[in-house]
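Counting with this note's numbering, you get residues 254 to 448 for the letters of the sequence shown.
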Amino acid sequence: MKAAFFDLDRTLVRVNTAPLYVRWRIRQGQLRWLDMARVTWWGMRYSLGLLDAVRASERAVSTLRGVEERSFRDECARWVKRDVLPLVTDRARREVERRREQGHQLAVLTTTTPYIAEPIAEALNIEHVLCSRMEVEAGRFTGRLASPLCFGPAKVHRARAWCEQHRVDLAASVFYTDSVSDLPMLEAVAEPRVI
Numbered sequence: 254m255k256a257a258f259f260d261l262d263r264t265l266v267r268v269n270t271a272p273l274y275v276r277w278r279i280r281q282g283q284l285r286w287l288d289m290a291r292v293t294w295w296g297m298r299y300s301l302g303l304l305d306a307v308r309a310s311e312r313a314v315s316t317l318r319g320v321e322e323r324s325f326r327d328e329c330a331r332w333v334k335r336d337v338l339p340l341v342t343d344r345a346r347r348e349v350e351r352r353r354e355q356g357h358q359l360a361v362l363t364t365t366t367p368y369i370a371e372p373i374a375e376a377l378n379i380e381h382v383l384c385s386r387m388e389v390e391a392g393r394f395t396g397r398l399a400s401p402l403c404f405g406p407a408k409v410h411r412a413r414a415w416c417e418q419h420r421v422d423l424a425a426s427v428f429y430t431d432s433v434s435d436l437p438m439l440e441a442v443a444e445p446r447v448i
């Protein structure tokens, strides 16, 4: 069996959702402009190769320390429905449907968290989401990642483990992405699709 894996930012959705998320959290009064400046600074340092993705993500996740997961999940779902789903591209919708018709197992494979990825996958009727997870204790975020960031080579490890569980041939599968950071995953599949 084959799978079709879809990255999220600038692949399923026409933009990077991280800046949208930060602006939304500021509008909600849950982040300060100083937090926005920090996240922007981390993003710029990452873009220049001065801060790796794991470190940037760890810093961003730390801003959620103490936040209740259930309410955050609900708030994110409403935000994604209102502000992010309209940004899903027609091309992405067509490719998802084409791959479904061809009998592929469908999965979102993204660095982002389930709080953004799952509502998008649900709207596109994509059953599986492989993503970065945040640690939760007693219903609240600890401010730490629960597992390795789903980024670069870790995406391949996550996809391989999922393929083994679902009897999917990774080497015969397809992966859609926009990012050079996904080169290891692009090399692991039969059909690399750069958007």
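We put the beta carbon where it would ideally sit given N, CA and C, even for glycine.
Note that the coordinates shown come from a computational prediction; the quantities given were computed from them, not determined experimentally.
Look up residue i in the DSSP assignment and say whether it is helix, strand or coil.
i, result
"Leu-338", "helix"
"Phe-325", "helix"
"Leu-273", "helix"
"Val-266", "strand"
"Gln-418", "helix"
"Thr-395", "strand"
"Leu-377", "coil"
"Leu-359", "strand"
"Val-320", "coil"
"Leu-261", "coil"
"Thr-364", "coil"
"Leu-284", "coil"
At which residues does the alpha helix (DSSP H) containing residue i begin and terminate?
i, result
"Met-438", "436-441"
"Val-215", "The chain is shown only over 254 to 448; residue 215 falls outside these bounds and no answer can be derived."
What does a CB cutoff of less than 7 Å around residue i pick up in its chain, not counting 5 residues either side in sequence?
i, result
"Val-333", "Ile-369, Pro-372, Ile-373"
Assuming residue i is part of the beta strand (DSSP E), what are its boundary residues?
i, result
"His-381", "381-383"
"Val-389", "387-390"
If you draw a straight line from the alpha carbon of residue i to that of residue j, how long is it in whole angstroms?
i, j, result
"Val-266", "Glu-354", "21 Å"
"Asp-431", "Asp-262", "8 Å"
"Arg-413", "Leu-423", "7 Å"
"Trp-294", "Glu-440", "31 Å"
"Asp-288", "Asp-260", "26 Å"
"Lys-255", "Gly-282", "44 Å"
"Val-389", "Lys-408", "22 Å"
Going by DSSP, name the residue or residues bridged to residue i.
i, result
"Thr-430", "Val-447"
"Phe-404", "DSSP lists no partner for Phe-404."
"Ala-345", "DSSP, once it has assigned bridges, lists no residue as partnering Ala-345."
"Ala-256", "Gln-358"
For residue i, which residues of its own chain have a beta-carbon under 6 Å away from its beta-carbon, when the five flanking residues on both sides are left out?
i, result
"Leu-377", "Val-349"
"Ala-257", "Arg-352, His-357, Leu-359, Val-427"
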